[in-house]
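Q: The structure is given below, and queries will be raised subsequently.
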Amino acid sequence: MPAEIVDVSRADVAAHYDDLDHLYRAFWGEHVHHGLWTSPDLTPEEATRRLIDAVVERARVSRGDAVCDAGCGYGGTARVLAHELGAQVTALTISQAQHAYATATDPGSENPRYLLRDWLENGLEPDSFDAVIAIESSEHMPDLAAFFSESYRVLRPGGRLVVCAWLTREQPRGWERRWLIGPICREGRMRGMESVAEMQRQAGAAGFVSESFDDTSHQVKKTWSLCIQRVLLGLLREPAYRRFLFRDGGPNRIFGLTMLRIRLAYEIGAMRYGILTFVKP
Ligand SMILES: C[S@@+](CC[C@H](N)C(=O)[O-])C[C@H]1O[C@@H](n2cnc3c(N)ncnc32)[C@H](O)[C@@H]1O
Numbered sequence: 016m017p018a019e020i021v022d023v024s025r026a027d028v029a030a031h032y033d034d035l036d037h038l039y040r041a042f043w044g045e046h047v048h049h050g051l052w053t054s055p056d057l058t059p060e061e062a063t064r065r066l067i068d069a070v071v072e073r074a075r076v077s078r079g080d081a082v083c084d085a086g087c088g089y090g091g092t093a094r095v096l097a098h099e100l101g102a103q104v105t106a107l108t109i110s111q112a113q114h115a116y117a118t119a120t121d122p123g124s125e126n127p128r129y130l131l132r133d134w135l136e137n138g139l140e141p142d143s144f145d146a147v148i149a150i151e152s153s154e155h156m157p158d159l160a161a162f163f164s165e166s167y168r169v170l171r172p173g174g175r176l177v178v179c180a181w182l183t184r185e186q187p188r189g190w191e192r193r194w195l196i197g198p199i200c201r202e203g204r205m206r207g208m209e210s211v212a213e214m215q216r217q218a219g220a221a222g223f224v225s226e227s228f229d230d231t232s233h234q235v236k237k238t239w240s241l242c243i244q245r246v247l248l249g250l251l252r253e254p255a256y257r258r259f260l261f262r263d264g265g266p267n268r269i270f271g272l273t274m275l276r277i278r279l280a281y282e283i284g285a286m287r288y289g290i291l292t293f294v295k296p
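Numbering (my numbering), first residue to last: 16 to 296.
Here it is, written out as structure tokens:
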């Protein structure tokens, strides 16, 4: 069972990323995902790159492979795949602001091909990709079964799906659901978070074979200490951030609270972070 089901629409998710566009870019840059501290002395930039490397390794991306990034944010990972690794990349986001940034950064780009499009109605050719990657996007999609079935449909046989996911422990306690997981999902416009067993069950129902699961919670949680520090410094130094976060009736001040909840949820094990790899037989 999912730990939480939140009624979130595609429009809510798009509005979240559009509204918080300049905050995300100020605090996260063009990669809106956790860093992976494979060693404690990595810089945040190196840790961010390590997560991408971990995805690339599991997706077994080689030069010329067709790769789809389902929920690509500003296109940071798609550009690494296309420009550094020579993959043929299609990258989808539902945020207009993110799509505009990606196309402005890479004007006229055909590789990556940036699409402003819902993954659940992607219209891409069946059996056309060697790999699909989804870095922290599946939690936003209102229908997880459809996320997996679309991934399965567009992959060719033998193709890999790599999902970096926010997860819960197997059986979250009642108060963890109420005070941590539920609010984190609502505040971050996420449909829900599942346990790894539930993710694997749903992927299996779509036809996938599960290849591996890596629990990287301990290697990613430092991301939140850094974010909290950055936001506090930003608030001290930038009146524009204060106005934006605390403006009356604005939904955005919650952004700060959510970070504290996430940090705590990792600390006590209510939340986990994992990289799941599946293969289409
Ligand atoms: C946390 S961000 C991660 C972005 C990117 N993967 C990265 O690592 O920088 C979540 C992304 O999922 C995208 N997303 C959420 N729901 C989507 C959907 N139904 N179709 C396409 N993209 C979606 C959002 O637009 C956003 O770009």
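For every residue, glycine included, the Cβ atom is placed at its ideal position computed from N, Cα and C.
(1) Give me the Cβ distance between E185 and A212, rounded to the nearest whole Å; I'm assuming they're in contact under 8 Å.
(2) So, L107 versus A85, is the Cβ gap smaller than 8 Å?
(3) Using three-state DSSP, classify M286 as helix, strand or coil.
(4) Report yes or no: do three or more beta-carbon pairs, one from the region 132-145 and one from the region 89-96, lie closer than 8 Å?
(5) Pick from A69, P122, N126, Y89: whose alpha carbon is nearest that of A102?
(6) Alpha carbon to alpha carbon, how far is A119 from W134? Give it in angstroms, no decimals.
(7) Whose CA, out of G249, T183, V294, lies closest to the CA of F287?
(8) At what residue ranges does the region 84-141 contain a whole run of the beta strand (DSSP E), taking only runs of 3 or more?
(9) Measure the C-alpha to C-alpha separation of S143 and R252 and round it to an integer number of angstroms.
(10) Measuring CA to CA, which of V70, V294, M214 is closest to E226?
(11) State the DSSP-derived secondary structure class of G203, mapped to helix, strand or coil.
(12) Let me check one thing: in DSSP terms, what residues is R175 bridge-paired to?
(13) I think Y32 touches G90, with their Cβ atoms under 8 Å apart; what is that distance to the nearest whole Å?
(14) For a test of the three-state rule: what should DSSP assign to D33, helix, strand or coil?
(15) F228 by DSSP, collapsed to three states: which one?
(16) Using a Cβ-Cβ cut-off of 6 Å (strictly less than) and excluding sequence neighbours within five positions of D36, which residues of its own chain qualify?
(17) DSSP on E154, reduced to helix/strand/coil?
(18) Got a sec? Which residues, its chain only, sit under 6 Å from V47 by beta carbon, not counting five neighbours each side?
(19) Assign E209 to one of three DSSP states: helix, strand, or coil.
(20) Using CA atoms only, rank isn't needed, just tell me which of R245, L247, T92, V76 is closest to E151.
(21) Can you determine whether any heavy atom of ligand 1 sits closer than 7 Å to the C-beta of T92, and answer yes or no?
(22) Do you know offhand how far T53's Cα is from I67's?
(23) Taking 8 Å as the threshold (C-beta atoms), are M214 and A180 in contact?
A: Quick answer:
(1) 6 Å
(2) yes
(3) strand
(4) no
(5) N126
(6) 22 Å
(7) What sits at residue 287 in the sequence shown is Arg, not Phe. Looking at the Cα atoms, T183 is the closest of the given residues.
(8) The qualifying runs are 103-108, 128-131.
(9) Straight-line measurement puts the Cα of R252 at about 48 Å from the Cα of S143.
(10) Of V70, V294, M214, the residue nearest in Cα terms is V294.
(11) coil
(12) A146, V294
(13) Between G90 and Y32 the Cβ distance is about 13 Å, and since that is not below 8 Å, they are no contact.
(14) helix
(15) Strand, per DSSP.
(16) A112
(17) helix
(18) Y39, G88
(19) strand
(20) T92
(21) yes
(22) 12 Å
(23) With contacts defined as CB atoms closer than 8 Å, A180 and M214 qualify as a contacting pair.
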